[in-house]
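The sequence shown lines up with residues 1 to 446 when you count with the UniProt record's numbering.
Even for Gly, the Cβ is constructed at its ideal location relative to N, Cα and C.
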Amino acid sequence: MSTSRYSLGVSAIIRGELRGLLSPKVNTLPLVRSIGRTMTQGKTYGPQITVKRISTSFFTGIKPIFVQIAKQVVGLNPLELRLPSRAWKVKLVGEGADDAGGVFDDTITEMCQELQSGVVDLLIRTPNSCADVGSNTDRYDHMVQFRFLGILMAVAIRTKKPLDLHLAPWVWKQLCSMPLGGPDLEEVDLLTYRTLQGIVHLENSGITEENFHCFCPVGVSVFPADLFFSLGEQMIPLDSFVAHSADGMLVPVVPGGQNISLTARSKARLLSGASKQSVFCCVQVAAVREGMSTIIPVPLLSLLTAQQLEQLVCGLPEVSVEMLKRLVRYRDITESHQLIGWFWESLEEFTNEERVLFLRFVSGRSRLPSNPADMTQKFQIIKVDRVRSPLYKNTCFFLLRLPPYTSQAILAERLRYSIHNCTSIDMDNYMLTHNTDPADSSDTED
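Now the structure itself:
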């Protein structure tokens with residue numbers, strides 16, 4: 001009896017039914033301890049990676065940062081990347097910034113932007129997103145076989161520096177080795193899900209095995225939207241077992257499916273094949289797991305829920321003012337100072353998108369970890385005495401210098417201008433005038 005109960009419990013954990021009930025000591029502590037034991041000690045940063053963001057020739061284009069870094073990192077010894085802070089040090093060609101952490105964070109943020117915007121053809125939009133229906137319309141679902149994305153995710157877990165990625169829920173489920181089903185299909189491809197549900201419930205519409213082909217004539221192509229056989233609001237594929245994959249291609253859902261017609265008897269086989277094939281790109285996710293496995297112990301992810309893994313990799317989706325207040329440290333100014341009150345009041349008035357830009361402005365990051373204890377750096381605010389001094393930030397040290405503005409409105413205006421227009425972390429001007437006060441010479445530093 002005890003063995004049977006044990007087997008049922010393990011099976012429930014594997015299926016994901018009990019993972020959310022596990023305490024942190026069971027699901028996350030083993031991962032944390034394993035990461036600690038496999039950490040490379042005695043180094044503050046890994047190998048140097050060269051990135052070129054500025055073109056020196058009119059005829060020479062610049063490759064995306066993701067492509068540049070991936071090419072250099074994938075071939076490295078994984079042991080060199082298992083570091084607590086910076087897995088690699090970035091050298092920006094033609095720019096004066098010296099990476100003390102800010103350049104690393106900033107290029108990570110830029111790579112996430114390239115992935116989400118389509119500059120790098122690595123992620124594609126979910127069918128729901130393309131059709132603007134259902135949930136997860138703003139998420140992305142397909143990944144090509146590219147191990148670097150997995151390395152990047154694992155580095156985010158090790159360094160506790162979250163990535164700004166929006167992946168479909170089933171991606172996280174597969175990374176955790178959780179089984180997928182109909183609800184996962186509905187989340188990312190509502191039209192295909194409705195089609196399959198229509199086939200399941202054909203009998204409710206008076207369609208039987210005898211009159212099936214009277215309602216479903218053979219000869220109509222399967223999944224192109226303009227060639228669906230419509231049954232009420234449902235769209236029914238007819239003459240072959242094919243479905244749209246996540247990249248939009250029609251593929252057989254079972255071996256030889258392009259030559260198998262839909263019948264009342266064969267519909268169950270179509271349902272099983274289509275629900276697996278239409279969006280769940282198992283090969284691509286396996287490649288991501290392979291990349292992750294070089295940096296962290298992937299088998300331990302089987303103790304996590306999809307939401308827990310997403311939080312480890314991506315942190316919090318919103319930048320909380322309360323979280324920033326818990327991280328802040330004041331220098332040459334007190335918390336009760338009017339200028340500090342104006343500063344927090346301005347941030348609270350900002351939209352989340354503006355707070356993300358602010359976080360990027362002062363730290364190079366665009367996400368905060370879900371656990372404040374994972375922030376190894378304090379957010380520092382320093383008062384600047386010169387009235388005409390610009391807002392000055394140091395991304396490497398999560399630092400902001402506030403001039404003595406005369407009103408909250410002026411502070412908010414200057415802060416908004418800075419986060420939208422002063423995103424560069426280059427410090428050429430500072431290097432040329434390194435004997436002067438940095439606050440006098442530049443409004444940005446890396």
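query: Considering residue 401, what are the terminal residues of the beta strand (DSSP E) in which it resides?
result: Locating residue 401 in the sequence shown gives position 401, where the first residue counts as 1. Its beta strand (DSSP E) spans residues 399-402.
field: Cβ-Cβ separation, residue 316 to residue 359 (assumed contact under 8 Å), whole Å
entry: Start at 1 with the first residue of the sequence shown, and residue 359 comes out as number 359. Start at 1 with the first residue of the sequence shown, and residue 316 comes out as number 316. Not confirmed; about 11 Å, so no contact.
- prompt: Beta-carbon separation of residue 414 and residue 399 under 7 Å?
  reply: Here the question's residue 414 lines up with position 414 in the sequence shown. Here the question's residue 399 lines up with position 399 in the sequence shown. Not closer than 7 Å, so no.
Contact check, residue 54 vs residue 94, beta carbons under 7 Å: Along the sequence shown, one-based indexing puts residue 54 at 54. Along the sequence shown, one-based indexing puts residue 94 at 94. Yes. Within cutoff.
message: Nearest by alpha-carbon distance to residue 90: which of 388, 99, 163 is it?
response: Here residue 90 refers to the residue found at position 90 of the sequence shown. Comparing Cα positions, the closest option is 99.
query: Below 7 Å between beta carbons: does that hold for residue 324 and residue 379?
result: Start at 1 with the first residue of the sequence shown, and residue 324 comes out as number 324. Start at 1 with the first residue of the sequence shown, and residue 379 comes out as number 379. Yes, they are a contact pair.
task: Name the residue from 309, 355, 255 whose alpha carbon lies nearest to the alpha carbon of residue 177.
output: If you number the sequence shown from 1, residue 177 lands on position 177. When each option's Cα is compared against that of residue 177, the closest is 309.
Member of 370, 339, 155, 81 whose CA lies at the smallest distance from the CA of residue 384: In the sequence shown, the residue the question calls residue 384 occupies position 384. Ranking the options by Cα distance to residue 384, first place goes to 339.
query: Just to check, is the beta-carbon of residue 294 closer than 6 Å to a non-hydrogen atom of the ligand GTP?
result: Judged by which ligands are present, the structure shown has none, so any question about the ligand GTP falls away.
- prompt: In or out: residue 217 buried (at least 16 other Cβ within 10 Å) or exposed?
  reply: Looking up residue 217 in the sequence shown gives position 217. Because residue 217 carries a pLDDT of 44, less than 50, the predicted location of this residue cannot be relied on, and the following value inherits that uncertainty. With fewer than 16 Cβ atoms within 10 Å of its Cβ, residue 217 is classed as exposed.
task: Pick out the complete beta strand (DSSP E) segments inside the stretch 33-87, 3 residues or longer, and give them in chain order.
output: 48-51
task: Ignore the nearest five residues each way along the sequence and tell me which others in residue 300's own chain have a CB closer than 7 Å to its CB.
output: What you label residue 300 is simply residue 300 of the sequence shown in a count that begins at 1. For residue 300, where only same-chain residues beyond five positions count, the Cβ hits under 7 Å are 30, 31, 34.
- request: Would you decide whether residue 394 is buried or exposed? Buried here means 16 or more other CB atoms lie within 10 Å of its CB.
  value: Taking the first residue of the sequence shown as 1, we reach residue 394 at position 394. Result: buried.
- prompt: First and last residue of the beta strand (DSSP E) that includes residue 328?
  reply: Here residue 328 corresponds to residue number 328 of the sequence shown, with the count starting at 1. Segment 328-331, the beta strand (DSSP E) holding residue 328.
query: For residue 81 versus residue 112, is the C-beta spacing smaller than 7 Å?
result: The sequence position of residue 81 within the sequence shown is 81, counting from 1. The sequence position of residue 112 within the sequence shown is 112, counting from 1. No.
field: Cβ neighbours of residue 47 in the same chain (closer than 7 Å, five flanking residues each side left out)
entry: On the sequence shown, position 47 is the one that residue 47 refers to. These residues qualify, in order along the chain: 76, 80, 88.
- prompt: How would you call residue 21, buried or exposed, if buried means at least 16 neighbouring beta carbons within 10 angstroms?
  reply: If you number the sequence shown from 1, residue 21 lands on position 21. Exposed, by the Cβ-count rule.
task: Please confirm whether residue 151 and residue 295 have their CB atoms less than 7 Å apart.
output: Translated into the one-based positions of the sequence shown, residue 151 becomes position 151. Translated into the one-based positions of the sequence shown, residue 295 becomes position 295. A contact, by the Cβ cut-off of 7 Å.
message: Using the three-state DSSP reduction, which class does residue 285 fall into: helix, strand or coil?
response: By 1-based counting over the sequence shown, the position of residue 285 is 285. Looking at residue 285 - three-state DSSP - the assignment turns out to be helix.
- prompt: residue 86: which of 259, 96, 106 sits nearest, CA to CA?
  reply: Start at 1 with the first residue of the sequence shown, and residue 86 comes out as number 86. Out of 259, 96, 106, 106 has the C-alpha closest to the C-alpha of residue 86.
field: Residues that DSSP places opposite residue 381 in a beta bridge
entry: Your numbering for residue 381 matches position 381 in the sequence shown. Residue 381 pairs with 330, 400.
- prompt: Taking the C-alpha atoms as reference points, what is the distance between residue 416 and residue 197?
  reply: Here the question's residue 416 lines up with position 416 in the sequence shown. Here the question's residue 197 lines up with position 197 in the sequence shown. Approximately 49 Å, taken between the alpha carbons.
- prompt: So the beta strand (DSSP E) residue 92 belongs to, where does it begin and stop?
  reply: Mapped onto the sequence shown, residue 92 falls at position 92. Following the DSSP letters along the chain, one finds residue 92 inside the beta strand (DSSP E) bounded by residues 89-92.
query: Going by Cα to Cα distance, which pick from 153, 119, 171, 307 is closest to residue 293?
result: Against the sequence shown, residue 293 aligns to sequence position 293. Checking every option, the nearest Cα to that of residue 293 belongs to 153.
message: Between which residues of its own chain and residue 49 is the CB-CB distance below 6 Å, once the five residues before and five after are set aside?
response: Counting from 1 along the sequence shown, the entry for residue 49 is found at position 49. 69, 72, 88, 90.
field: Collapsed DSSP secondary structure at residue 164 in the structure displayed
entry: On the sequence shown, residue 164 is found 164 positions in, with the first residue counted as 1. Here residue 164 sits in coil by DSSP.
query: Which whole-angstrom value is the C-beta distance of residue 326 and residue 382, which I expect to be below 8 Å?
result: Indexing the sequence shown from 1 puts residue 326 at position 326. Indexing the sequence shown from 1 puts residue 382 at position 382. Actually they are not in contact, since the Cβ atoms of residue 326 and residue 382 sit about 19 Å apart, beyond 8 Å.
- prompt: Nearest-angstrom Cα distance between residue 365 and residue 23?
  reply: Walking along the sequence shown from the start, residue 365 turns up at place 365. Walking along the sequence shown from the start, residue 23 turns up at place 23. Using only the alpha carbons, I get a separation of about 30 Å.
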